[in-house]
Structure formats: structure tokens, C-alpha cells
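Trainee:
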Ligand SMILES: [Zn+2]
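In the numbering used here, the protein residues as written are 134 to 382.
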């Protein structure tokens, strides 16, 4: 039997929050029906928008928090992260640190490696559960990156971002753009395997730890201070460096 709502609000999403809507209703006011007295967070999330991407909600022109219960007929305006306007006094969450530190969900191994390669502190482990990810993010002030809206809708999630792309290279450029990271790129400063810090080492240190031809061809070697992995500026480095060079300002 179709549900007949007796009460409605009007919701308008701004900016990239429209990514979560079908194209027929993007950038438009939507009439949303409800029962009882739901919190504004639930009304907005019923449209598929995870609350972590919302930085300001106005109900009939006034800023409210997520637990506010709008009256029938209210006009609800939802805004994403602002890049050029400071809304710190009325924002729904404090600003995340810059550059942010990340925790990734279990399907994002390639993106984790790319972010680490770019120098960003990125936790990732295939064995993480959703709860592990939420707890780490909360305890450590990390931003959750995921393709799973379920994690981002959890009330414990404070900072998060739903990746629009599925291709890891496009995901990297999406993250660099959304979090405005171009000025913070530090290629080769972090281990893509374990997130440890990578430092330059004397060539003699790695003599018996890399293939003979590699040792002969290259002069600059780097080593992870946590797991000992050795890096050098070979073809793999050049390929990823070329991929991210477009982001540098
Ligand atoms: Zn390492």
C-alpha cells in the first residue's frame, strides 16, 4: 500500500550535495513527506546525502543542528563544505585539520597507496570493520573516505567524504580537489605499504637489498623508517609522479 504522508517540508541541496540526487531533481527544491517529528538529519539523509558532507543547514533562513525537528512546511537549505566563505561560527562541525589525515574503507587499497605516495597520513587495513573505521576516525580526528554511505550516515561519523569515482586515479584527484590538498603534496615522504615515514638513505645502505642492476642505475634511495621498504626513483615513481604533477599549484 503506498504511504500517504500528511506532512511535508521542502528541501534544497546546494553545490556537490546534488551529486546524490537523480538528475531530474538536481538543483531543485524537493517536497519531502514525513511522519511524526523526525530530526532534520533523518529528513536530509532520506534523500541519500550522508550528513558528514553537510556543513550548514538553514531552516527557514536560520542555522540549526542535526537534531533540530523542523515544523511542517519548513524550507530546509543544505550546504556542502565552503571553500571561500568562513562559516566557522555557525558550521555544524569544526574544521578538520589541514592537511587532513585519513582512514579508508577496505575497498580502497589503491587509493590508500596513492595518498601515502603523495605524503598524506592514511590508515588502511583490509581487516578493518565499519566499527573499526568509525572508532579510529573519532579517536584520531581522521576523515573517513569511502564508497559506502552506510558508514557516513552513522551518528559517530564526524568527518567523511563519499567518493564519487570508482577509478583510483580519479579518486585521488577528487580527494586532492575536495580537500584542497595541492599545496601539501610531498611525494616520496610516506611508505605506500605501511604509512610509515620515508627518509633518504646512503646508497651503500641498500647495496645488498635491491637488485644489482637497480643499484647500478640509480643513486637516490629512500627507506621506510617503519617497515624498511626501500624506494628509488624508478619507472614506478615516475609514473605516479606524472599522474599527480597536474595537481601541483
Ligand atoms: Zn613502510
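Positions of the beta carbon are idealized from the N, C-alpha and C atoms, including for glycine.
Taking 6 Å as the limit between beta carbons, can you name the residues of its chain near residue 220, skipping five residues before and five after?
Mentor: As a position in the chain shown, residue 220 is number 87, starting the count at 1. For residue 220, where only same-chain residues beyond five positions count, the Cβ hits under 6 Å are 189.
Trainee: Measure the C-alpha to C-alpha separation of residue 292 and residue 233 and round it to an integer number of angstroms.
Mentor: Translated into the one-based positions of the chain shown, residue 292 becomes position 159. Translated into the one-based positions of the chain shown, residue 233 becomes position 100. In this structure, the straight-line span from the alpha carbon of residue 292 to that of residue 233 is close to 10 Å.
Trainee: Can you find a heavy atom of ligand 1 that lies under 8 Å from the Cβ of residue 359?
Mentor: Here residue 359 refers to the residue found at position 226 when the chain shown is read from its first residue. It does: the Cβ of residue 359 is within 8 Å (strictly closer) of some heavy atom of ligand 1.
Trainee: From residue 176 to residue 208, what distance separates their C-alpha atoms?
Mentor: Residue mapping note: residue 176 aligns to position 43 of the chain shown, counting from 1. Residue mapping note: residue 208 aligns to position 75 of the chain shown, counting from 1. Whole-angstrom Cα-Cα distance: 12 Å.
Trainee: To test your reading of the DSSP string, which unbroken beta strand (DSSP E) runs of 3 or more residues are found completely within the stretch 226-292?
Mentor: 235-237, 276-279
Trainee: Verify the contact flag: residue 329, CB atom, against every heavy atom of ligand 1, threshold strictly below 8 Å.
Mentor: On the chain shown, position 196 is the one that residue 329 refers to. Because some heavy atom of ligand 1 lies under 8 Å away, the Cβ of residue 329 counts as near it: yes.
Trainee: Where does residue 300 land, buried or exposed, given buried means 16+ other C-beta within 10 angstroms?
Mentor: Along the chain shown, one-based indexing puts residue 300 at 167. Exposed, because fewer than 16 other Cβ atoms sit within 10 Å of the Cβ of residue 300.
Trainee: Regarding residue 342 and ligand 1, is the C-beta to nearest heavy atom distance less than 8 Å?
Mentor: Here residue 342 is taken as the residue at index 209 of the chain shown, counted from 1. No, since every heavy atom of ligand 1 falls outside the 8 Å radius drawn around the Cβ of residue 342.
Trainee: Do the stretch 315-331 and the stretch 278-290 make contact, defined as three or more Cβ pairs closer than 8 Å?
Mentor: With a cut-off of 8 Å, the stretch 278-290 and the stretch 315-331 do not count as touching, because too few Cβ pairs lie within range.
Trainee: Confirm, please, whether the CB-CB distance from residue 174 to residue 184 is below 9 Å.
Mentor: Walking along the chain shown from the start, residue 184 turns up at place 51. Walking along the chain shown from the start, residue 174 turns up at place 41. The answer is yes: Cβ separation under 9 Å.
Trainee: Compute the minimum distance between the beta carbon of residue 362 and the heavy atoms of ligand 1, and state whether it is under 8 Å.
Mentor: What you label residue 362 is simply residue 229 of the chain shown in a count that begins at 1. Yes, since a heavy atom of ligand 1 falls inside the 8 Å radius drawn around the Cβ of residue 362.
Trainee: Let me confirm a value: residue 367 is counted as buried when at least 16 other C-beta atoms fall within 10 Å, else exposed. Which label applies?
Mentor: Position 234 of the chain shown, counting from 1, holds the residue named residue 367. So residue 367 ends up on the exposed side.
Trainee: Taking buried to mean at least 16 other C-beta atoms within 10 Å of its own C-beta, is residue 235 buried or exposed?
Mentor: Position 102 of the chain shown, counting from 1, holds the residue named residue 235. Residue 235 should be labelled buried.
Trainee: By how many angstroms is the C-alpha of residue 168 removed from the C-alpha of residue 199?
Mentor: Within the chain shown, the letter at position 66 stands for residue 199. Within the chain shown, the letter at position 35 stands for residue 168. For residue 199 and residue 168, the distance between alpha carbons rounds to 17 Å.
Trainee: Tell me the rounded alpha-carbon separation between residue 358 and residue 243.
Mentor: Taking the first residue of the chain shown as 1, we reach residue 358 at position 225. Taking the first residue of the chain shown as 1, we reach residue 243 at position 110. Computed Cα separation, rounded: 21 Å.
Trainee: On the DSSP letters alone, give me the boundaries of the alpha helix (DSSP H) that residue 140 sits inside.
Mentor: For this step, residue 140 is matched to residue 7 along the chain shown. Careful: residue 140 lies outside any alpha helix (DSSP H), inside the beta strand (DSSP E) at 140-146.
Trainee: Return yes when the Cβ of residue 251 is within less than 9 Å of the Cβ of residue 147, no when it is not.
Mentor: Counted from its first residue, the chain shown places residue 147 at position 14. Counted from its first residue, the chain shown places residue 251 at position 118. Not in contact: residue 147 and residue 251 (Cβ atoms no closer than 9 Å).
Trainee: Shortest alpha-carbon distance to residue 362 belongs to which of 371, 277, 342, 271?
Mentor: Translated into the one-based positions of the chain shown, residue 362 becomes position 229. Ranked by Cα distance from residue 362, the options 371, 277, 342, 271 are led by 342.
Trainee: Assuming the contact rule is C-beta atoms closer than 8 Å, residue 278 and residue 308 should be a hit. Round their C-beta distance to whole Å, please.
Mentor: By 1-based counting over the chain shown, the position of residue 278 is 145. By 1-based counting over the chain shown, the position of residue 308 is 175. That pair is a contact at about 7 Å.
Trainee: Which residues in the same chain have their Cβ closer than 7 Å to the Cβ of residue 327, if we skip the five residues on either side of it in sequence?
Mentor: Taking the first residue of the chain shown as position 1, residue 327 is located at position 194. Same-chain partners within the cutoff: 357, 359, 360.
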